[in-house]
Amino acid sequence: MFSKVIFLLLLTALANGDLYNSSDPMVLLNAKNFYETILSSRNGWIVEFYNSWCGHCISFAPKWREFSKEIKDWNHTIKAAVIDCSDEENVSICRDYEVMGYPSIRFFGAYTQKGNIGKSVKNRGVSGMQSEIIDFIIDEEQSQMANKSKIPSSWVNLLSYQGTLKDIFKESSRDVKNAVLIVEKGDSKVACHSILDLGKYPMVLVRRINSEAAELKDFNLNKFPSVLVIPLKGNTKVLLEDVSTPEEITALIFHHLRLTRNLLQMNDVLTAYRSLDSKLKQGSEREDIEGAGDGNLEEINSQRLNYDDDLPDAAFSNAHVQVNMVDIENGLSYALRHEVTLHKVLEGETLEALKSFVTAIARYMPFRPSLLNFLSKLREFLAHKKSLSGVEFEKILKELESSDAKLPDKQPWRGVSGKRT
Numbered sequence: 001m002f003s004k005v006i007f008l009l010l011l012t013a014l015a016n017g018d019l020y021n022s023s024d025p026m027v028l029l030n031a032k033n034f035y036e037t038i039l040s041s042r043n044g045w046i047v048e049f050y051n052s053w054c055g056h057c058i059s060f061a062p063k064w065r066e067f068s069k070e071i072k073d074w075n076h077t078i079k080a081a082v083i084d085c086s087d088e089e090n091v092s093i094c095r096d097y098e099v100m101g102y103p104s105i106r107f108f109g110a111y112t113q114k115g116n117i118g119k120s121v122k123n124r125g126v127s128g129m130q131s132e133i134i135d136f137i138i139d140e141e142q143s144q145m146a147n148k149s150k151i152p153s154s155w156v157n158l159l160s161y162q163g164t165l166k167d168i169f170k171e172s173s174r175d176v177k178n179a180v181l182i183v184e185k186g187d188s189k190v191a192c193h194s195i196l197d198l199g200k201y202p203m204v205l206v207r208r209i210n211s212e213a214a215e216l217k218d219f220n221l222n223k224f225p226s227v228l229v230i231p232l233k234g235n236t237k238v239l240l241e242d243v244s245t246p247e248e249i250t251a252l253i254f255h256h257l258r259l260t261r262n263l264l265q266m267n268d269v270l271t272a273y274r275s276l277d278s279k280l281k282q283g284s285e286r287e288d289i290e291g292a293g294d295g296n297l298e299e300i301n302s303q304r305l306n307y308d309d310d311l312p313d314a315a316f317s318n319a320h321v322q323v324n325m326v327d328i329e330n331g332l333s334y335a336l337r338h339e340v341t342l343h344k345v346l347e348g349e350t351l352e353a354l355k356s357f358v359t360a361i362a363r364y365m366p367f368r369p370s371l372l373n374f375l376s377k378l379r380e381f382l383a384h385k386k387s388l389s390g391v392e393f394e395k396i397l398k399e400l401e402s403s404d405a406k407l408p409d410k411q412p413w414r415g416v417s418g419k420r421t
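This is how it looks when you write it as structure tokens:
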């Protein structure tokens, strides 16, 4: 009987092969990238140590995949990863991390050092693991505060807000235009899920606050959770909609602030471009450009893209749309070479808008290396500029190009050419 069980397990393992691949919403770790990925990283990690022939691991894989998808938007603070301990090359790592059973799930905080084997995650349900992550993040942030260390800048702050309403923008970046306070009663943590969901939007700061806070006494709140929106310029508004779950809270904030989820759709790129064009022509108030992550290259799963040939990929896909990188590159080249250079002088808010656009597009788009290098050089050039002419900008676009840094010339359009390719 025992031999039959072993035989079936081996057959299952052979049938399944690797439990995860590069199309899954998680980072694939191995002996070559484990330490450089996990150690000293500014974000936290939740890592599944698994064995590809383990029956429990095989059964758990769909749930871990679902969980990783659910927290993908939290990667500014924490990211999901896996490592296969059945791979001979990975055995020493799994041994060093004292993995005694499978699957074993560990949480690693920011700036983890070698020798720290992480904190074990006990839950195996999607919502349970999310709740445990939230508790871990809160503990990590409380520890940072106790040690008088700064919470990593990319992290959201899950600690209860203790300051005054007028001071809330002091802890934010200059991009923030709205602050949101989610008011909770007692020891509720319902707001934490929404704070993590909204952490990738640089134009909004979301914090949680206890209903007993003195700052709230003038609002006469009688139902919880409640949502307060504090614009940078304007009066605080209480959103009157009745919400109770994290999903409802997030949806309410999305709707009120007109945020959008599908950040890599072509219309988002066009919106960013039109926003820049409008600012350059009218000098209007700077708006923010949404991205697909916290700006680290690791945010984009490079295994989905072919960087070896330094050519633009045919397409970058999400669940709803296929975006051709050639089309995005064409739009970017046109914006920089034509729309920007048409202006006699770039200064003030006009120049700041250009800087913001270049920074955002460099950080959040999965461009080929030569274009990323070019944008990095352009960003450095613009960083300390107070004013420059359109002629000077046109000249610098040419001077910044090199063998490994290039703004592409116009290429045949793909997705917007009127026919499928």
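When you line the sequence shown up against full-length UniProt numbering, it's residues 1 to 421, in that order.
Each residue gets a CB set at the ideal place from its N, CA and C atoms; glycine is no exception.
Limits of the unbroken alpha helix (DSSP H) element including residue i
i, result
"VAL326", "325-334"
"VAL190", "190-197"
"LYS395", "390-399"
"residue 473", "It is not possible to answer for residue 473, since the shown part of the chain is limited to 1 through 421."
"MET145", "126-146"
"VAL91", "91-96"
Backbone secondary structure at residue i - three-state DSSP
i, result
"ILE83", "strand"
"PHE224", "coil"
"ARG208", "strand"
"LEU367", "It should be pointed out that residue 367 corresponds to Phe in this sequence rather than to Leu. Coil, per DSSP."
"ARG106", "strand"
"VAL358", "helix"
"LYS114", "coil"
"residue 440", "One cannot answer for residue 440 here, as it falls past the ends of the chain, which runs 1 to 421."
"residue 423", "The chain is shown only over 1 to 421; residue 423 falls outside these bounds and no answer can be derived."
"VAL243", "coil"
"SER402", "strand"
"ALA292", "Only weak support is given to the placement of ALA292: the predicted model assigns it a pLDDT of 35, under 50, and the question is left unresolved by the model."
"SER40", "coil"
"LYS119", "strand"
"PRO202", "coil"
7 Å CB neighbourhood of residue i in its chain, flanking five on each side removed
i, result
"residue 422", "The structure shown does not extend to residue 422, since the chain spans only 1 to 421, so no value can be given for it."
"SER211", "VAL183, GLU184, LYS185, LEU221 and PHE224"
"ILE396", "PHE381"
Cβ pair residue i, residue j closer than 8 Å
i, j, result
"ASP73", "ASP175", "no"
"ILE230", "LYS189", "no"
"VAL121", "ALA81", "no"
"SER152", "ARG42", "Note on identity: in this sequence residue 152 is Pro, with Ser being the wrong assignment. In contact: PRO152 and ARG42 (Cβ atoms closer than 8 Å)."
"SER59", "ASP24", "no"
"ASN75", "ASN30", "no"
"LYS385", "LEU336", "no"
"LEU39", "GLN113", "yes"
"GLN142", "LYS150", "no"
"LEU228", "HIS256", "no"
"LEU28", "CYS57", "no"
"THR77", "GLY163", "no"
Cut-off 8 Å between Cβ atoms - residues of its own chain near residue i, not counting five sequence neighbours on either side
i, result
"ARG379", "LYS355, VAL358, THR359 and ALA362"
"VAL345", "SER387, LEU388, SER389 and GLY390"
"ASN123", "MET129, SER131 and GLU132"
"LYS223", "ASP242"
"VAL126", "LYS63, GLU66, PHE67 and GLU70"
Other residues of its chain near residue i: CB distance less than 6 Å, five sequence neighbours each side excluded
i, result
"TYR97", "ILE117"
"THR250", "SER194 and ASP197"
"ILE105", "GLU48 and VAL121"
"LYS233", "none"
"THR341", "GLY390, PHE393 and GLU394"
"PRO103", "GLU48, TYR50, CYS57 and PHE60"
"PHE34", "ILE93"
"TYR111", "SER40"
Host beta strand (DSSP E) of residue i (start-end)
i, result
"PHE49", "44-50"
"LYS237", "237-239"
"GLU184", "178-184"
"GLU347", "345-347"
"VAL27", "27-29"
Would you say the stretch 149-167 touches the stretch 200-212, given that touching needs at least three Cβ pairs under 8 Å?
-> Judged by Cβ distances under 8 Å, the stretch 149-167 makes contact with the stretch 200-212, as three or more pairs qualify.
Given 8 Å, three or more beta-carbon pairs between the stretch 86-96 and the stretch 136-143 | The stretch 86-96, when compared against the stretch 136-143, does not touch it at the 8 Å Cβ threshold.
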